[in-house]
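Okay, so here's the structure we're looking at.
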Amino acid sequence: MSKTLLLISSKHEDWTFAQEVSMHAGLTLQTVNTAAEGIEILSGEGASAVMVDASTDEQYHQFENAIQDSIGLFSEKINANTTHFITSEELERVPYLIQSPLFGNYIIRNYGDIKDAGALYGRILYASLTEKAFGLKSFLKEDTKIQTVKFRLSTQKQDAVEAVKNFLIAAKFQTRMATIIATAVDEILMNAMYDAPVDDLGKPTLSTTPRSAKIELQGKHQTEMAIGFDGKFVGISATDLFGSLDKAKLLSFVAKIYTDEEYKVKMATAGAGLGLATVFRSGGSLFFVSESRVKTEVTVFFMKTANFRDFKDQFRFLTTQFYF
Amino acid sequence: MLNVIKEQKGNVLVVRFTGSIEENVNFEALIGTPPEELHVYCKEVPRINSIGVKAWIRFFQSLKAKGIKLKFFECSTAIVQQINLISNFTPPRSVESIYVPFTCMQCKSELVGLFKCEDLKQMKLKIPDLKCAKCGGRSAFDDIPEEFFAFLFRN
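Residue numbers (the working numbering), protein chains in the order written: chain A, 1 to 324; chain B, 1 to 155.
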């Protein structure tokens, strides 16, 4: 397969973004305007990764139908890990993407500083093309110092969250930004400690355990946090050793919003089902890497901006890499 | 961790929240059952996580079901974020005042200004600048108006 990033889009801003991405991912950019042209390349020499303008249901289905008619949805030439959909819409407004068997990566076309956005996504793409995309270090600028914390008890989470907040304030993030990022870390750590644990049959073992319960994080329950700030982006990851992440469930949580409909309190589960959606709507990007029954690493990324308005309106993506 | 200061004023129980709202919160134990009306002051709530949100909704919905009138004052930006994200985080028209975020254009300090919701509605998203308490420079509203004030125009 050629070391190519194939962009299927007629939008100039997508082309500029993809150019930056390909440069940082070490790939050659090849651009076409239509799905039919793109599939011709995929069925021929192929591509390492594909970025597709999926702004509308129609555009997406043109792409899906073209694949079905030529190489097939389950071809070795394309898969969810290497397909990156670009839209201008929030996740809840693109149900056709959430339901897509090819959904793996979703980019919101709000690039801001296209060089910064392209550089980060280029590193993400580069990592996603390695054998396994684990490890915060590869997502941030070279030589970024990464600090890791291994938890012994779930009750250490609050101290870690406060430490993250203080670290960010020291790095000159606005207090409000630091608080939002700290809350995002709170959510991904809670998921790693209480939602990831499953039994041999894949059944959650702590779904009804109160999130205030003290859990010993030994053996399979080990949870680790890593943090790095490269001067532009901060990345913070939470890792568990269960590898139990379910893509459909994950997307249903991230895409669920309660701005119009009411949130119904479910007492049967201890979790709230609100954390990831809040993180994604607060300016954060999410990167999920999961190797089935081995480990899951969830990383949040936030850009440091001069003001809060830009922070909230920053470039965002949701990337998933699943290994079975 | 959340702390609560309580004050009884006739048929109104006034509570002031201080601290983050997260998985350890127990509103029932902290507040109990108020009389006819509960006034909640949220100026000092810097952060609320998803489990805190769940506990909040459960508790205040149970009070509402008992016929207790709820009013929220001096809501911090963290609380305003949740009011905007979750339609039933607070009952309709129960938010009296909120803290609005500003950033000084000169020294980049963060500030908040207290506004009554009724006044904000009249302003129609045109928020006047504030004078920076640190350097005296001009401080401008620092968020996305259509998002930060969305709850004011909800039906």
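Every residue gets a Cβ at the ideal spot worked out from N, C-alpha and C, and that includes glycine.
All figures in this text were calculated on a predicted structure; none of them were measured in a lab.
- Around residue 265 (chain A), the beta-carbon contacts reaching into chain B at under 8 angstroms are 54, 57, 58, 61.
- Under the Cβ criterion of 8 angstroms, residue 312 (chain A) is counted among the residues facing chain B.
- C-alpha of residue 120 (chain A) to C-alpha of residue 198 (chain A): approximately 33 angstroms in a straight line.
- Contacts between residue 144 (chain B) and chain A, judged by CB atoms closer than 7 angstroms, involve 309, 312, 313 in chain order.
- Beyond the five residues adjoining it in sequence on each side, residue 234 (chain A) comes within less than 6 angstroms, by CB distance, of 302 in the same chain, given in chain order.
- Counting C-beta pairs with one atom in each stretch, the region 203 to 211 of chain A and the region 281 to 293 of chain A have fewer than three that are closer than 8 angstroms, which means they do not touch.
- For residue 307 (chain A), no alpha helix (DSSP H) segment is defined, and its DSSP state is neither H nor E.
- If you check the CB distance, residue 21 (chain A) and residue 118 (chain A) come in under 8 angstroms.
- The Cβ neighbour count for residue 12 (chain A), taken over all protein chains shown within 10 Å, is under 16; the residue is labelled exposed.
- Ranked by Cα distance from residue 136 (chain B), the first of B:118, B:9, B:119, B:108 is B:108.
- Within chain B, no residue has its CB atom less than 7 angstroms from the CB of residue 252 (chain A), the nearest being about 15 angstroms off.
- Between residue 179 (chain A) and residue 47 (chain B) the beta-carbon gap is near 5 angstroms, inside 8 angstroms, which marks them as a contact.
- For residue 106 (chain A), the enclosing beta strand (DSSP E) covers residues 105 to 108.
- With fewer than 16 neighbouring CB atoms inside 10 Å of its own CB, residue 10 (chain A) falls in the exposed class.
- Under the DSSP definition of a beta bridge, residue 83 (chain A) partners with A:50.
- For residue 254 (chain A), the closest alpha carbon among the candidates A:277, A:322, A:223 is that of A:277.
- A distance of 8 angstroms or more separates the beta carbons of residue 56 (chain A) and residue 28 (chain A).
- Within chain A, the residues 176, 179, 180, 183 have their CB atoms less than 9 angstroms from the CB of residue 78 (chain B), given in chain order.
- DSSP places residue 115 (chain B) within a strand segment (E or B) once states are collapsed to three.
- For the region 101 to 115 of chain B, residues whose beta-carbon sits nearer than 7 angstroms to a beta-carbon of chain A comprise 101, 103, 110.
- Of the residues assessed, residue 238 (chain A) falls on the buried side of the cut-off, its CB having 16 or more other CB atoms within 10 angstroms.
- Shown here for residue 127 (chain B): same chain residues with a beta carbon closer than 6 angstroms to its own, the five before and five after excluded, namely 141 in chain order.
- The DSSP-derived three-state label of residue 269 (chain A) is coil.
- Against residue 259 (chain A), the close residues of chain B are 84, 85, 86, 87, 150, in the order they occur along the chain (beta-carbon pairs closer than 8 angstroms).
- Non-local beta-carbon contacts of residue 164 (chain A) in its own chain, meaning distances under 6 angstroms to residues more than five positions away in sequence, involve 182, 185 in chain order.
- Selection A:171, A:244, A:281, A:240 evaluated against residue 228 (chain A) yields A:171 as nearest (Cα-Cα).
- The alpha-carbon of residue 286 (chain A) is positioned some 34 angstroms away from that of residue 129 (chain B).
- Comparing C-alpha distances from residue 109 (chain A) to each of A:124, A:126, A:88, A:175 shows the shortest one belongs to A:88.
- For residue 139 (chain B), no CB of chain A lies under 8 angstroms from its own CB, so it is not counted at the interface with that chain.
- DSSP places residue 138 (chain A) within a helical segment (H, G or I) once states are collapsed to three.
- Relative to residue 149 (chain A), the option among A:222, A:246, A:41 whose CA is nearest is A:222.
- Taking a Cβ-Cβ threshold of 8 angstroms, none of the residues of chain B is close to residue 207 (chain A); the smallest such distance is about 13 angstroms.
- For residue 147 (chain A), no alpha helix (DSSP H) run applies; the uninterrupted beta strand (DSSP E) run containing it begins and ends at 146 to 151, by DSSP.
- Proximity of residue 96 (chain B) to chain A, defined by a Cβ-Cβ separation below 8 angstroms, is not satisfied.
- Burial state of residue 123 (chain B) is exposed, judged by a 10 Å Cβ sphere holding fewer than 16 other Cβ atoms.
- In the DSSP assignment, residue 114 (chain A) falls within the unbroken alpha helix (DSSP H) covering 114 to 128.
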